[in-house]
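Following: one structure in structure tokens, then a few remarks.
Numbering (UniProt numbering), first residue to last: 1 to 312.
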């Protein structure tokens, strides 16, 4: 027999706390934690100090315990208040997502966000970012253009995308940028190559033809910086996967991001040499136009990327 009790408990019902935990009260609690005082919190949320005190006192009477410790030196949240703030942040974030979804539906569909990324980032980091985005903000539809770092900067510079991700030893001077993390490059060779598992110096790499990325690539720019003079390339390819395949086929060694070669090394398709020169790394950068208005969806996606890169 079907039970109606479970159906009834799943329906949204009015809770006694509802009048006290609306968005203004939640924002005030968060502001108290962030700004550390009644006056500063009130200014942050556009509320007079009198109304701040009235709101907090009303919450405390309703709950039956203190949320704020008041003293001559200022005010700070009690442990109970801090616990509520942690949950309040989550509730406010969900309310913001709901509001954006409502706006998107009224505009005829989900918000669309078109970004750009270098091929290394696009092949190895963007899929994970899209998975995080789908879980956190499914109301926003995200697409990416993949190109080399120079062209990603051009897409941002010309306003074709609001945000780009690239790897380059030098950030574009005419764009705002933020370093998200560092990407290590490594020397890879065919299995059985004399360099496999042994130290190699810049002079060794400079003396032999390499399979290289094309000019404009951040990988190529890093190689040009570390080994500016070297033998003529054995081949120039604009695909990391194609370079890995060429190395595995015995064409020549290559210098690529660890992100691009990790699986091939693990599978035994290529081998890694031990780099014995100056740092062979470059920053992974987010870039956008200086002074441009950055939409909320773009800021949220960048925050998601920051959090992911902080774990690497």
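Ideal placement from N, C-alpha and C gives every residue a C-beta, glycine not left out.
Taking the alpha helix (DSSP H) that residue i falls in, what are its first and last residues?
{"i": "residue 129", "result": "126 to 136"}
{"i": "residue 319", "result": "A query on residue 319 cannot be resolved here, the shown segment of the chain reaching from 1 to 312 and no further."}
{"i": "residue 163", "result": "First-last for residue 163: undefined, no H or E at that position."}
{"i": "residue 157", "result": "149 to 157"}
{"i": "residue 310", "result": "296 to 310"}
Looking only at its chain, what residues have a beta carbon closer than 8 Å to the beta carbon of residue i, apart from the 5 residues adjacent to it on each side?
{"i": "residue 58", "result": "20"}
{"i": "residue 232", "result": "209"}
{"i": "residue 128", "result": "308"}
{"i": "residue 173", "result": "none"}
{"i": "residue 24", "result": "45, 47, 55"}
{"i": "residue 203", "result": "none"}
{"i": "residue 214", "result": "148, 220, 236, 237, 238"}
{"i": "residue 1", "result": "Below a pLDDT of 50, predicted positions are generally treated as unreliable, and residue 1, at 38, falls in that range; the measurement from the model is reported next regardless. No residues qualify anywhere along the chain."}
Just confirm the distance between the C-beta atoms of residue i and residue j, as a whole number of angstroms; I'd bet it's less than 8 Å.
{"i": "residue 261", "j": "residue 188", "result": "5 Å"}
{"i": "residue 201", "j": "residue 276", "result": "5 Å"}
{"i": "residue 116", "j": "residue 126", "result": "Going by Cβ atoms, the distance from residue 116 to residue 126 rounds to 10 Å, so no, they are not a contact pair."}
{"i": "residue 254", "j": "residue 265", "result": "Actually they are not in contact, since the Cβ atoms of residue 254 and residue 265 sit about 12 Å apart, beyond 8 Å."}
{"i": "residue 292", "j": "residue 185", "result": "Not really, about 31 Å apart at Cβ, beyond 8 Å."}
{"i": "residue 192", "j": "residue 274", "result": "Actually they are not in contact, since the Cβ atoms of residue 192 and residue 274 sit about 16 Å apart, beyond 8 Å."}
{"i": "residue 119", "j": "residue 303", "result": "Residue 119 to residue 303, Cβ: 24 Å. No contact."}
{"i": "residue 26", "j": "residue 88", "result": "4 Å"}
{"i": "residue 156", "j": "residue 289", "result": "6 Å"}
{"i": "residue 211", "j": "residue 246", "result": "5 Å"}
{"i": "residue 85", "j": "residue 33", "result": "5 Å"}
Can you give me the Cβ contacts of residue i inside the same chain, cut-off strictly under 6 Å, excluding the 5 residues immediately before and after it?
{"i": "residue 3", "result": "Low confidence applies to residue 3: its pLDDT is 40, below 50, so where it sits in the model is not reliable enough to give any reading."}
{"i": "residue 297", "result": "111, 113, 140"}
{"i": "residue 284", "result": "167, 180, 181, 183"}
{"i": "residue 248", "result": "269, 270"}
{"i": "residue 171", "result": "177, 285"}
{"i": "residue 318", "result": "This structure gives no information on residue 318, because the portion of the chain shown stretches from 1 to 312."}
{"i": "residue 16", "result": "none"}
Pull up the DSSP beta-bridge partners for residue i, would you.
{"i": "residue 181", "result": "284"}
{"i": "residue 112", "result": "141"}
{"i": "residue 224", "result": "DSSP output for residue 224 lists no bridge partner at all."}
{"i": "residue 329", "result": "Summary: the structure shown does not reach residue 329, with the chain confined to residues 1 through 312, and so no result is reported for it."}
{"i": "residue 254", "result": "188, 211"}
{"i": "residue 119", "result": "Residue 119 is not bridged to any residue."}
{"i": "residue 236", "result": "212"}
{"i": "residue 167", "result": "284"}
{"i": "residue 146", "result": "117"}
Taking the continuous beta strand (DSSP E) assigned at residue i, which residues delimit it?
{"i": "residue 173", "result": "Unbroken run through residue 173: none, as it is neither H nor E."}
Spatial neighbours of residue i within its chain, please: C-beta separation below 7 Å, excluding the five flanking residues on both sides.
{"i": "residue 35", "result": "41, 44"}
{"i": "residue 47", "result": "28"}
{"i": "residue 229", "result": "206"}
{"i": "residue 52", "result": "28, 38, 41, 42"}
{"i": "residue 144", "result": "115, 116, 117, 122, 126"}
{"i": "residue 146", "result": "117, 119, 122"}
{"i": "residue 281", "result": "182, 183, 184, 185"}
{"i": "residue 10", "result": "Any reading at residue 10 needs caution, since the residue's pLDDT is 49, under 50, leaving its predicted position unreliable; the model's value is listed next. Excluding sequence neighbours, residue 10 sits near nothing in its chain."}
{"i": "residue 169", "result": "221, 222, 225, 282"}
Using a threshold of 6 Å, is the CB atom of residue i nearer than that to any non-hydrogen atom of the ligand NAP?
{"i": "residue 28", "result": "In the structure shown, the ligand NAP is absent, as is every other ligand, since no ligand is present at all."}
Strictly under 7 Å for the Cβ-Cβ distance: is residue i near chain C by that measure?
{"i": "residue 36", "result": "The displayed structure is made up of one protein chain only, and chain C is not part of it."}
| message | Suppose only complete runs of 4+ residues qualify. What are the alpha helix (DSSP H) ranges in the UniProt domain "HTH lysR-type" (26 to 78), listed by chain order? | response | Fully enclosed alpha helix (DSSP H) runs of 4 or longer: 38 to 45, 49 to 63.
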